[in-house]
Structures are given as structure tokens and as C-alpha cells.
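Q:
Residue numbers (my numbering): 2 to 849.
Below you can see the structure in the form of C-alpha cells.
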């Protein structure tokens, strides 16, 4: 149950009955509970977000009752444990204050003492306004650390939050793809524990691989269990892993205790990132058998692997200082292919395991092996990391600070380091976890943004060094097995020069989007590792029709611009469309054309940077997901629907990439392999007219070493054209094949808007294939960006939005998106639902 706590403040409506107790489901958020009760409208629809800004200005109260026995009250340990409270809270049991929270990223353990009674007990949680708290802290300390308005309306009004003063999801205070919904609630599970046994708070594992790197004979596991005892006690720690069991007797003092044990596993099976090998996981069962006869238990799974971030100093080709940045797993350098991750929903209530499984399995389907958990969101739920372990997706983990200077006060540093200690202990045993990164863009902001120019801004570098040094020391002490990277982007150290230096560390490259440069600008950039870059598009029409009135379905309408948070977003999308693509004929076509444009931008960058390996060893585009229906940089929209970019990612991140580099007069054929083995390749380079006639055909052969990228062929345009032909009259395809692998790609020699695309001539038929429903397509013409969908069903055809080669046959398997209640349909019921289109259908074709 929950209700408004205290008097209404601000612009809150006074006729909603909010002072009465109302039903609530936790874990969850006050906003979403109010929406389900009909007290507020859906904030995602239209401009309703502006009508619910009062909610975060109020205090709210939660309560529930539970039964306890006399035996429970007699236990040595009586604790109420909150795994996450969002954010500012006081906790009462039977009217007695037993705990508080000022940090949503820390577990809150309340020792109940005599407050717990036999019979019915009442828990009451007072959730205080997060915005009021942040402003109060800023005023109390009398200096500003975040002065930019976090949320701006189209009218020019702004709402400032002082978000840097509260340990809470930063993007809840508005972002250039997000809403201002500063929610409150119990966002993680809560439980009551009454026991004479100590609390088994955490288990961390250190691995020592004995034998050849990548093929050890044995792995020694050293386990450190932390037990929190309410009184001195004794007992036995038992650990079972890999069929072996160890027992360690120990005496515990009151408070935190550490008990260590070792197990050696023979003939270990190694864990590999996706695309490099398998992901075997070893269950670990931990039991503390207390002398009282009671037990505490913990279960987890671990993967056996070594991981190293290699940052070796050197020189670039032009003689400038350089430093590598790549990950070596089990002794093997691995190119990182992936994207940045934000919270999957503005409301944690809706972040279900099914949503996580769909988003992460979609990343794996697109051949991604790394995800960056961005520092303006939250440390993800345990299920997220379990899935990444299972799927072989490495995690670049930011600490939760982004695009701000944070306080250098002793109170802030204490909260930050305690938060880090809790999160590192919670997550460090996951095989997927690759890197701890201090923040998002804070060091770059101090170096290049306006922050240091404001009054008092000169103190910011020293403040930054103070709290980041404390964070680094805590992280390195708690987890010496992984690197702590100072900031993203950076060179990894204070005073190490320009944090955006392309030759060193990781970079965020935004000059194409924010700078309005052409896509070809990516081809001039030679970074070591790109952890952010991106280009925007609109989601598909049905995603928008659910939240935008029909009369507002225009890119620059009053409501649509509310669903576009990048200040120049629509201007950059439409200007770039005019530069690159034919002008779409209507709003639906505009949405799809913007997605094609986005995909071509990111394809240009990724293919180029993959060609540069081993100089460049990773690309993580911004961003993979959305937290509400919005025009953004995502490759999957809020509903998990694949945009063109995600389909394109499945091609440009494929284990074997065949790519075509187009210069002014020359076309070069490249092959890029992620295989740990050498591969022999053969194939053909062919040019076609748009009507489907083959113009020229050249053979292409080559051998790639393990993980190599190499140019196989370079030809003048003339060799691809007939005499008198203009380059706009042809499209070029490359096909490469090797043992068990193949790749196909295309290139045009002019912008897409100049291509004389012809009406497609093709046959498309649904059928039952070996693995279920599939679409069989054969084309007689070039079909640019062929798309198929089953209208009304949630899912996609694998390989969709492809440029089809004349004469080729394609099979597109149907993949259902089961997280939204979708299913794999039967053949008869879906034939009427099939819809196909291509670039040709997105533009008007006047009769001549």
C-alpha cells in the first residue's frame, strides 16, 4: 500500500485522493503504480510527461504488514534487507526508525533489535522527494557542481535538478534521449531474515591458471566468503564446485569476517566471449554450517577465463605518442563488437527477465560480444549479468556518474566508495565483467567543456582527482583481477594529456552527428577503441502511433518534437536525409528512410574501424536500446523492435566481414576475420545495373591469418563499368566464401539519392523451413533495402533490410519476440499478414 506523505506541494492536483492508502506492487516505482491506478496519465503518451512533474516533488509513504513468530524474535540476527531503495528514505518498523537510505545503488540492512515483535508487524517506508533532497544538498554546501538544465521544453523553459548531489539514476532527470521522471520506490527485492547463523554477504573468487595460456592443465580457485555475524560464533564453511568439495572451520567475531578456501579443478573448460568459443559455467554452492545448527547459503555460477586489458605504449605511423587499448581473453586478442546500454525502461517495474533476455539475445544474434553499461543509468540487475555470462557478452561496467562534475565532499566520497565496495563484491565473480570504468565523459568535460570557465570552476580538476582517486583505490582493492579505467573516454590516468586523443585509450567520436560532418568523415578517423559514436533515426511508425496522436504524425509537430530530445536532432536527421537519400514520400516512409540513413552511417564507421585492426580493436556504438518511445540513436526501439541498424549490425559485426572501400576513383576489397584460425577465401566481385544485368565480374582470392584484416584487391572504377557508363548506373557486390563461412556486401559509387533504382521484380513466398517459418525470396533486379514483416506480430525476419543481388536466392527465418507475448505463427494464419517493401517504395515515382 502507498499514499502521499504530508501536504501536497508545487503543482500537484488536489482531487486525486492521494492521502488515502492505495494498493501498490513492489519492487516498483511510485509513478508506475499511480499510472496503473489511473491517478496519472501514461507519461509516455503525447506530452503527458509535463503533467506529472509534480510527482517527484512530493514525499510518498509505503506500508505493509507481515507475521513473525516468537522464535523469529528470539534469533540472534533479525534483519530487514532492502537490495535497493530509490532513493531517499526512512524505514520504520512498528513505529520505530530502523534504517535510512540516501543511495539507490547500495543495499540497506536494517538491524531490527527489539522493534520486531511476535505477531503482526508493520513496515513503513517514507520516500522523500529526490529533487528536493538534491537541491537541499546543493544549498547546504553552497556551491554548484552541475549547472546545466537537465530538461528543456520547446517553450524554452528549463528544469534544473542538481542531480550530481544525489546517488540516483542520472538520466531520470532528463537526457538527450530521455524523460524527466525522477521516480521513487523500492526498485529491488526486500526480505526479512531471522537466524542464529551469520549473514553470508558475498563470495569472491580469484583464479590462477596453471599451464599454457588458453589451455591450462588446472585452475586454482581461491574463494573469499564474507560473513556478517551478530555475535561471536563458530562453524564450518563448505564450498562445492566442479565436483570437488572443501570444508574450512572458523571462529567468527561480531561484525564482518572473511573465511578463505581453495579448490583446484583439473582439465578446466574455459569460458570465451561469443564467437570465440563456448561459455561453460561452473555452479558454486556455498554453505555456512553454524554451531547453532542453522545455515546460510549462497549459489552462483562462474566461468573460468583470464582477461587482460592491454595498454602498451608506442608510436603512431606519423610519430605521435600512442597506446594500445585491447582486450586479451585466455591469451587471445579479441576485437570488441557491441553497443552501449541504458536502462530498458523509465520504470524498473517493467524491466522483466523476458525483456532482458530479448534485448541481450538480439545483441548476440547480431554477433556482439560486448555491452557497455553506461554511467548515467543503473548497475544492472543480477539477471542481466547472468545472461551475459550465459551468452558470452562481455560487460564494460561504468560506475554511475555521467556528464557532470560531482562533489568532492567527504560525505559524497563515503557514499561513492561504499557503493563501489558493494557493487564490486556483488558483480566481480561474473565471467562477463571485463572492465570497471569510473564515469562517462566527466574527465573529457573538465578538459573541453565550459565547466571550468564558470565561477568556482577552477576547483573542478582537484575535486575530480579527489573523489576518483578514492573510487579507484576502493575498486582496485576489492577487485585486483580487473583494470580500473579512469573515465570514458580517457587515457586511463590523471594528467595524461587529451582524454580524447585518438591514438590512446578509448574515444567517443561525435563529430559526424553533433558536428554535422559527412559519413565519409569516419574514414579519416583512426582510433584505438571507440566506446561511443552514433547517429539518430526515428522508430517505426507503429511505435509512434501508440504515443502520438494521428494529427501530430509529422517530424516537426508539437508532440513529435517532444519525443525528440536532442536539441538539433530533427534538423540533423532531415538535413542528412537530403544529403544522402531520396526524399521520402510520407511520414511512414520518412521513419524508415531515417533508419536506413542511420544504418549506413554506422556501417561506414564500423566497417572502416574493423578494417584497421589490430590498430583499432573495438567499436561500441551508441546505443542499443531505448527507455521510452523516442527518436534516438538506438538500434532497437523501446519495444525491442529491430531498426534497420540492428539488422545491419548483424552483417557488419559478422565473424567474416567482406567490405568495399570506395575512394574517388578506386574500389578496394577487404576481408576481416574474427576467427581464431586461418581461413582460405575465394569469391567474386560483380557489378550490376539496377535493372539486374551483370556488367563485370572479377575473381577474388586470399588467405587470412587468425583474426586478420587485409585488403585483397583494388580496382579502378573503369574495370567495373562498360564504356560510356556513369558510376551511378551500377551497384557492386562482393561475395567471399571459406570453409563453413561466407560473406556478402555491396557498395554504390554515388549517394543513394542519385541511384536510378528500378521497380523490384521478385518472388517472395512464406514456407515452413527446417527451423520454422521462413520467407523465400528470389529477385531479378537489384532490390535496395528489402524489408518484410508480419503485420500485427512482434518479431523480425533474420537478414531483413538487405540489399538483394540480382539472380540470388535468400531465405529469411522468422524470429518471434517472445518478451511481448509474441509467438511463432503457423503458415496459414500469416500469409495475409505479410508485407514487403524496399527503398523504391519509400519515394514517389511520377509518371513520365
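Idealized CB from N, CA, C, for every residue including glycine.
Note that the structure is a prediction, hence the values are computed from the model and not measured.
#1: For residue 498 and residue 326, what's the separation of their Cα atoms in angstroms?
#2: Counting beta carbon pairs with one atom in the stretch 220 to 239 and one in the stretch 191 to 209, are three or more of them shorter than 8 Å?
#3: Among the residues of its own chain, which have a CB less than 6 Å from the CB of residue 548, if the five just before and after it don't count?
#4: Please state if the CB of residue 377 and the CB of residue 464 are separated by a distance shorter than 9 Å.
#5: Looking only at its own chain, which residues have a Cβ that is under 6 Å from the Cβ of residue 138, when we skip the five neighbours before and after it?
#6: Contact between the stretch 233 to 251 and the stretch 352 to 365: three or more CB pairs below 8 Å?
#7: Return helix, strand or coil for residue 576, following the three-state DSSP convention.
#8: Could you give the DSSP three-state label for residue 607: helix, strand or coil?
#9: With DSSP as the reference, label residue 809 as helix, strand or coil.
#10: Helix, strand or coil for residue 843 per DSSP?
#11: In the DSSP assignment, find the unbroken alpha helix (DSSP H) run with residue 387 in it and report its ends.
#12: Tell whether a beta-carbon distance below 9 Å holds between residue 748 and residue 737.
#13: Could I get the ranges of all uninterrupted beta strand (DSSP E) runs contained in the stretch 18 to 75, with 3 residues as the minimum, in chain order?
#14: In the DSSP assignment, what residue or residues form a beta bridge with residue 371?
#15: For residue 790, which beta-bridge partners are listed by DSSP?
#16: Using the rule of at least 16 other Cβ atoms within 10 Å of the residue's Cβ for burial, across every protein chain shown, is residue 565 buried or exposed?
#17: Taking buried to mean at least 16 other C-beta atoms within 10 Å of its own C-beta, is residue 839 buried or exposed?
#18: Could you check if residue 209 is buried or exposed, using at least 16 other CB atoms within 10 Å of its CB as the buried criterion?
#19: Give a yes or no on whether the C-beta atoms belonging to residue 328 and residue 395 are separated by under 9 Å.
#20: Given a threshold of 16 other Cβ atoms within 10 Å of its Cβ, counted over all protein chains shown, does residue 375 qualify as buried or as exposed?
#21: If we call anything under 9 Å between Cβ atoms a contact, is residue 750 one with residue 815?
#22: Which ranges does the beta strand (DSSP E) cover as unbroken runs of at least 3 residues, wholly within the stretch 109 to 152, from first to last along the chain?
#23: For residue 622, which three-state DSSP category applies?
#24: Which stretch, first to last residue, makes up the beta strand (DSSP E) that contains residue 308?
#25: How would you call residue 411, buried or exposed, if buried means at least 16 neighbouring beta carbons within 10 angstroms?
#26: How long is the line joining the alpha carbons of residue 61 and residue 14, rounded to whole angstroms?
#27: Distance, Cα to Cα, residue 637 vs residue 510?
#28: Going by DSSP in three states, residue 447 sits in which element: helix, strand or coil?
#29: Assign residue 587 to one of two classes, buried (16 or more other C-beta atoms within 10 Å of its C-beta) or exposed (fewer than that).
#30: Near residue 476, what residues of its chain come up, given a Cβ to Cβ distance below 7 Å and the 5 sequence neighbours on each side ignored?
#31: In chain order, what residues of the same chain lie with their CB nearer than 8 Å to the CB of residue 74, ignoring the 5 residues before and after it?
#32: Assess contact between the stretch 595 to 604 and the stretch 303 to 313, defined as three or more Cβ pairs (one per stretch) separated by less than 8 Å. Is contact present?
#33: Which residues in the same chain have their Cβ closer than 6 Å to the Cβ of residue 186, if we skip the five residues on either side of it in sequence?
#34: Rounding to the nearest angstrom, what Cα-Cα distance links residue 57 and residue 740 in this structure?
#35: Are there 16 or more other CB atoms within 10 angstroms of the CB of residue 708, so buried, or fewer, so exposed?
#36: Let me know if residue 369 comes out buried or exposed under the rule of 16 or more other beta-carbons within 10 Å of its beta-carbon.
A: Reading off the structure:
#1: Locating residue 498 in the chain shown gives position 497, where the first residue counts as 1. Locating residue 326 in the chain shown gives position 325, where the first residue counts as 1. Near 16 Å, if we compare the C-alpha coordinates of residue 326 and residue 498.
#2: yes
#3: Taking the first residue of the chain shown as 1, we reach residue 548 at position 547. These residues qualify, in order along the chain: 45, 46, 630.
#4: For the purposes of this step, residue 464 is identified with residue 463 of the chain shown, where counting begins at 1. For the purposes of this step, residue 377 is identified with residue 376 of the chain shown, where counting begins at 1. Not a contact, by the Cβ cut-off of 9 Å.
#5: As a working note, residue 138 is residue 137 in the chain shown. Cβ within range, chain order: 166.
#6: no
#7: Along the chain shown, one-based indexing puts residue 576 at 575. Helix, per DSSP.
#8: The count along the chain shown starts at 1 and reaches residue 607 at position 606. Of the three classes helix, strand and coil, the one that applies to residue 607 here is helix, per DSSP.
#9: Within the chain shown, the letter at position 808 stands for residue 809. Residue 809 falls in the coil class under three-state DSSP.
#10: Counting from 1 along the chain shown, the entry for residue 843 is found at position 842. Helix, per DSSP.
#11: Translated into positions along the chain shown, residue 387 becomes position 386. From DSSP, the alpha helix (DSSP H) with residue 387 extends over 383 to 392.
#12: Counting from one through the chain shown, the residue named residue 748 turns up at place 747. Counting from one through the chain shown, the residue named residue 737 turns up at place 736. Taking 9 Å as the Cβ cut-off, residue 748 and residue 737 do not qualify as a contacting pair.
#13: 60 to 69
#14: Taking the chain shown and counting its residues from 1, one reaches residue 371 at position 370. In the DSSP output, where bridge partners are listed per residue, residue 371 has 339, 395.
#15: Against the chain shown, residue 790 aligns to sequence position 789. Note: residue 790 sits in a beta bridge opposite 836.
#16: Taking the chain shown and counting its residues from 1, one reaches residue 565 at position 564. Classification for residue 565: buried.
#17: Residue numbering aside, residue 839 sits at position 838 when the chain shown is read from its first letter. With 16 or more other Cβ atoms within 10 Å, it is buried.
#18: Mapped onto the chain shown, residue 209 falls at position 208. Result: exposed.
#19: In the chain shown, residue 328 corresponds to position 327, counting from 1. In the chain shown, residue 395 corresponds to position 394, counting from 1. Yes, the pair counts as a contact, with Cβ atoms nearer than the cut-off.
#20: Taking the first residue of the chain shown as 1, we reach residue 375 at position 374. That one is buried.
#21: Indexing the chain shown from 1 puts residue 750 at position 749. Indexing the chain shown from 1 puts residue 815 at position 814. Not in contact: residue 750 and residue 815 (Cβ atoms no closer than 9 Å).
#22: 109 to 112, 120 to 128
#23: By 1-based counting over the chain shown, the position of residue 622 is 621. Residue 622 falls in the strand class under three-state DSSP.
#24: Taking the first residue of the chain shown as 1, we reach residue 308 at position 307. Here the beta strand (DSSP E) through residue 308 covers 308 to 311.
#25: In the chain shown, the residue the question calls residue 411 occupies position 410. By the 10 Å Cβ count, residue 411 comes out exposed.
#26: Residue mapping note: residue 61 aligns to position 60 of the chain shown, counting from 1. Residue mapping note: residue 14 aligns to position 13 of the chain shown, counting from 1. Residue 61 and residue 14: Cα-Cα distance of roughly 15 Å.
#27: What you label residue 637 is simply residue 636 of the chain shown in a count that begins at 1. What you label residue 510 is simply residue 509 of the chain shown in a count that begins at 1. Using only the alpha carbons, I get a separation of about 21 Å.
#28: If you number the chain shown from 1, residue 447 lands on position 446. Three-state result, residue 447: helix.
#29: The residue given as residue 587 occupies position 586 in the chain shown. It is exposed - the Cβ of residue 587 has fewer than 16 other Cβ atoms within 10 Å.
#30: Here residue 476 is taken as the residue at index 475 of the chain shown, counted from 1. Same-chain partners within the cutoff: 421, 425, 437, 485.
#31: In the chain shown, counting from the first residue as 1, residue 74 sits at position 73. Closer than 8 Å at the Cβ level, and outside the excluded window around residue 74, lie 117, 118, 119, 195.
#32: no
#33: Taking the first residue of the chain shown as 1, we reach residue 186 at position 185. Around residue 186: 29, 30, 31, 87.
#34: For the purposes of this step, residue 57 is identified with residue 56 of the chain shown, where counting begins at 1. For the purposes of this step, residue 740 is identified with residue 739 of the chain shown, where counting begins at 1. Each residue's Cα considered, the two are about 59 Å apart.
#35: The residue you call residue 708 lines up with position 707 of the chain shown. So residue 708 counts as buried.
#36: As a first step, residue 369 must be located in the chain shown, where it is residue number 368. So residue 369 ends up on the buried side.
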